[in-house]
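The sequence shown begins at 112 in the working numbering and counts up by one.
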Amino acid sequence: MWGLKFRCEGIYFVSFRKPVTTSLSLTYKLPPFTAIRGMIGNTLGMPRDSFEIQNWFKIGMRVEGKIEIGREMAKFLKMISRKSCYRCESCGFEKISDSKPKKCPNCGKENIIKVEKVIYERSFPSSPMHREFLIMPKYWIYLVGEEKKIKKIYNALKNPERPLYLGTSDDLVDVEVFEPVRVREVEENQINSILDGIHENCILEKLPYKFIPIKDKKGNLKEVYSEYKLVSIPTKFPYLSEKSLKVWDFGDEFIRVF
112 MWGLKFRCEG IYFVSFRKPV TTSLSLTYKL PPFTAIRGMI GNTLGMPRDS FEIQNWFKIG
172 MRVEGKIEIG REMAKFLKMI SRKSCYRCES CGFEKISDSK PKKCPNCGKE NIIKVEKVIY
232 ERSFPSSPMH REFLIMPKYW IYLVGEEKKI KKIYNALKNP ERPLYLGTSD DLVDVEVFEP
292 VRVREVEENQ INSILDGIHE NCILEKLPYK FIPIKDKKGN LKEVYSEYKL VSIPTKFPYL
352 SEKSLKVWDF GDEFIRVF
């Protein structure tokens, strides 16, 4: 197997928003695995829904320095309409509503169905909320995969098809790439990366790991689910594990990949 490592540094501020919060915009302390794959897909010029890249390589990470989190007041524009269109099959009357009406306002019958229709609203309300961001974060990213894929990614990172960013499109990053090397799997208790599961003296974070696409009978993309992975971020590196773990030898570093 072959390994590739590169260093990512946020030029100013970076935010990896947690989707579970609505009144407060919190950030993950690490780039989600999905964000790293997205950045690499971006360097290759791949389309947005290129799920095949998830099988190209496994990922390891290490934080360089201290994780610093700032907070600001931001105004979020609500662009997604929560309204839907409902039609009475008896009289054909249509109504735009947040929820399905029990009866038709026109004929009073209960034969109501939801119809696919684009809803246009004249105003898009905005609301202020606190937004967390990471201050000039630095990460080491490690990839393990087949030689052909790893070298293709290396060349793309050296000469990307599009601007490189992590998180939102405004969060540009500076990338320093190292030559691909042969790596081998060994067992070690001195780890130079984040670990999966729960470990002592670590910060826990549940990161989006991969997307699971669901297609309909015709093969069209219907829904996309997210799979999460619980990781432990050591407060200092290398981390000394109580028992030996399977890691990949990058020469002077032992990296756990997922």
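Here a beta-carbon is modelled for each residue, glycine too, at the ideal position from N, C-alpha and C.
| Asked | Found |
| --- | --- |
| Whole-angstrom distance between Glu-338 and Asn-331, CA atom to CA atom | 21 Å |
| Cβ pair Asn-222, Cys-199 closer than 8 Å | yes |
| Beta-carbon proximity of Leu-277 to Met-150, cut-off 8 Å | yes |
| Proximity below 8 Å, CB of Pro-319 to CB of Pro-143 | yes |
| Alpha carbon of Ile-416 to alpha carbon of Ser-208, nearest angstrom | Absent from the model: residue 416. The displayed extent of the chain is 112 to 369, so no value can be given. |
| Local conformation of Met-150 per DSSP, three classes | helix |
| Rounded C-alpha distance that separates Glu-178 from Lys-194 | Here residue 178 is Ile; the residue named in the question, Glu, does not match the sequence. C-alpha separation (whole angstroms): 40 Å. |
| Cβ-heavy atom distance, Ser-210 to the ligand MG, below 7 Å | Only the bare structure without any ligand can be found here, which leaves the ligand MG out of the picture. |
| Chain-order list of residues whose beta-carbon lies under 7 Å from that of Asp-360 (same chain, five-residue window excluded) | Val-294, Arg-295 and Val-297 |
| Endpoints, the alpha helix (DSSP H) within which Leu-141 is located | Here Leu-141 belongs to no alpha helix (DSSP H), and DSSP marks it neither H nor E. |
| Contacting residues, own chain, Cβ-Cβ under 6 Å from Tyr-265 (five flanking each side not counted) | Leu-115 and Pro-291 |
| Residue range of the unbroken beta strand (DSSP E) whose run includes Lys-326 | 313-326 |
| With 16 other Cβ atoms within 10 Å as the buried cut-off, status of Thr-138 | buried |
| 6 Å Cβ shell around Ile-314 - same chain, five flanking residues per side excluded | Ile-344 |
| Helix, strand or coil at Asn-300 according to DSSP, with G and I counted as helix | strand |
| Burial state of Tyr-123, where buried means 16 or more other Cβ atoms lie within 10 Å | exposed |
| Counterpart residues of Glu-290 in DSSP-defined beta bridges | DSSP lists no partner for Glu-290. |
| Cut-off 7 Å between Cβ atoms - residues of its own chain near Asn-303, not counting five sequence neighbours on either side | Arg-173, Phe-348, Pro-349, Glu-364, Phe-365 and Ile-366 |
| Bounding residues of the alpha helix (DSSP H) (the contiguous stretch that carries Lys-206) | Run containing Lys-206: none in the alpha helix (DSSP H); it sits in the beta strand (DSSP E), 205-208. |
| Proximity winner among Gly-121, Ser-210 and Pro-216, relative to Cys-202 (alpha-carbon distances) | Pro-216 |
| Where Ile-122 falls: helix, strand or coil (DSSP) | coil |
| Contact under 8 Å by Cβ, Ala-185 with Arg-128 | no |
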